[in-house]
Amino acid sequence: MGKNQRILFNSTIFGPIHSRRLGTSLGINLSPVDGKVCSFDCLYCEAGYNSQGPGKAGFPLRNDVKKMLEEKLSEMKNNNENLDVITFSGNGEPTLHPEFPAILDDVLELRNQYFPQAKVSVLTNSTKICSPEVARALTKADNNILKLDSAIDDTLQLIDRPSSPSFNAQKVIESLKQFKGSGIIQTMLLRGQHDGITVDNTTPREIEALINAYKEIEPREIMIYSIDRSTPEEKLIKIDKEELQQIGKAIEEATGIPVKVA
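Here it is in structure tokens:
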């Protein structure tokens, strides 16, 4: 698929699917069903580059999200299906939806009604956590999973390609501190080439910078993982599980924070 790769999900509610990190997961896609809306344009994004455009459908309406989710949860419950987690993910950044806080409240209410044992997870790229409304909402999620792919700004800019010129590594690290003890930091580790430039956030310098950032942020958990499917930049290399586990062990020993390797 490579550079021709397009959106992953053409529906607002998708799955359930098996997540490497979260288990049996029912997904909520708050991006348009026919395009991609994201404040990052990551080299490794499974949904493709932002250049494919936002489509024409627009953000799903809050009431529609609630209705579709309730229908799916009711169906799953009637069929005695298992559900570990409801996950905000999809074709872009969920916190960009203008009604994200209210939709999260709806999801928590429906979770409590149909699958009270299931967790609610939000996968966010951390670009909106400076918004008090978004930050307050994220604290309500069982798993507030926040991205930090590098603590060195040049590398972060190269891999994540944020759309805001003011977004940088030190700024996001400062903002992530507000979730001390509750947030989960997720880091994608990879190496390869992009436009003739070396991409590698697994070097000793990179890992040392991440360790220092994790110590500052003090999350409840760290997740490290590598690419699993086709990426828009074709010259990226997956880090094997054994190396990831070695890196995870070093991070855990240095920080005292639990590290999950997926």
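The opening position of the sequence shown corresponds to residue 29 in my numbering, with each subsequent residue numbered one higher.
Just so it is clear, CB atoms sit at the ideal spot from N, CA and C, and this is done for glycine as well.
(request) Could you check what DSSP says for residue 57 in three-state terms: helix, strand or coil? (result) strand
(request) Go ahead and pull the three-state DSSP assignment for residue 180. (result) coil
(request) Buried or exposed for residue 273, please, with buried defined as at least 16 other CB atoms from any protein chain shown within 10 angstroms of its CB. (result) exposed
(message) Which residue wins for smallest C-alpha separation from residue 170, given the options 198, 112, 44 and 67?
(response) 112
(request) Tell me, please, whether the segment 240-256 touches the segment 193-212 by the rule of three or more beta-carbon pairs shorter than 8 Å. (result) yes
(message) For residue 16 and residue 74, what's the separation of their Cα atoms in angstroms?
(response) Because residue 16 is not part of the residues shown, which for the chain are 29 to 290, the question remains open.
(request) Using three-state DSSP, classify residue 261 as helix, strand or coil. (result) coil
(message) Taking only three categories from DSSP, how would you classify residue 220?
(response) strand
(request) Give me whichever residues DSSP pairs with residue 128 in a beta bridge. (result) DSSP output for residue 128 lists no bridge partner at all.
(request) Assign residue 232 to one of three DSSP states: helix, strand, or coil. (result) helix
(request) Per DSSP, which residues does residue 99 bridge with? Please list them. (result) BP columns for residue 99 are empty, so no partner.
(request) Kindly confirm or deny that the segment 92-105 and the segment 62-71 touch, where touching means at least three C-beta pairs closer than 8 Å. (result) no
(request) Compute the Euclidean distance between the alpha carbons of residue 60 and residue 116, then round it to the nearest angstrom. (result) 13 Å
(message) Using CA atoms only, rank isn't needed, just tell me which of 110, 79, 166 and 121 is closest to residue 298.
(response) With the chain covering 29 to 290 only, the question about residue 298 has no answer from this structure.
(message) Buried or exposed, going by whether 16 or more other CB atoms sit within 10 Å of the CB of residue 57?
(response) buried
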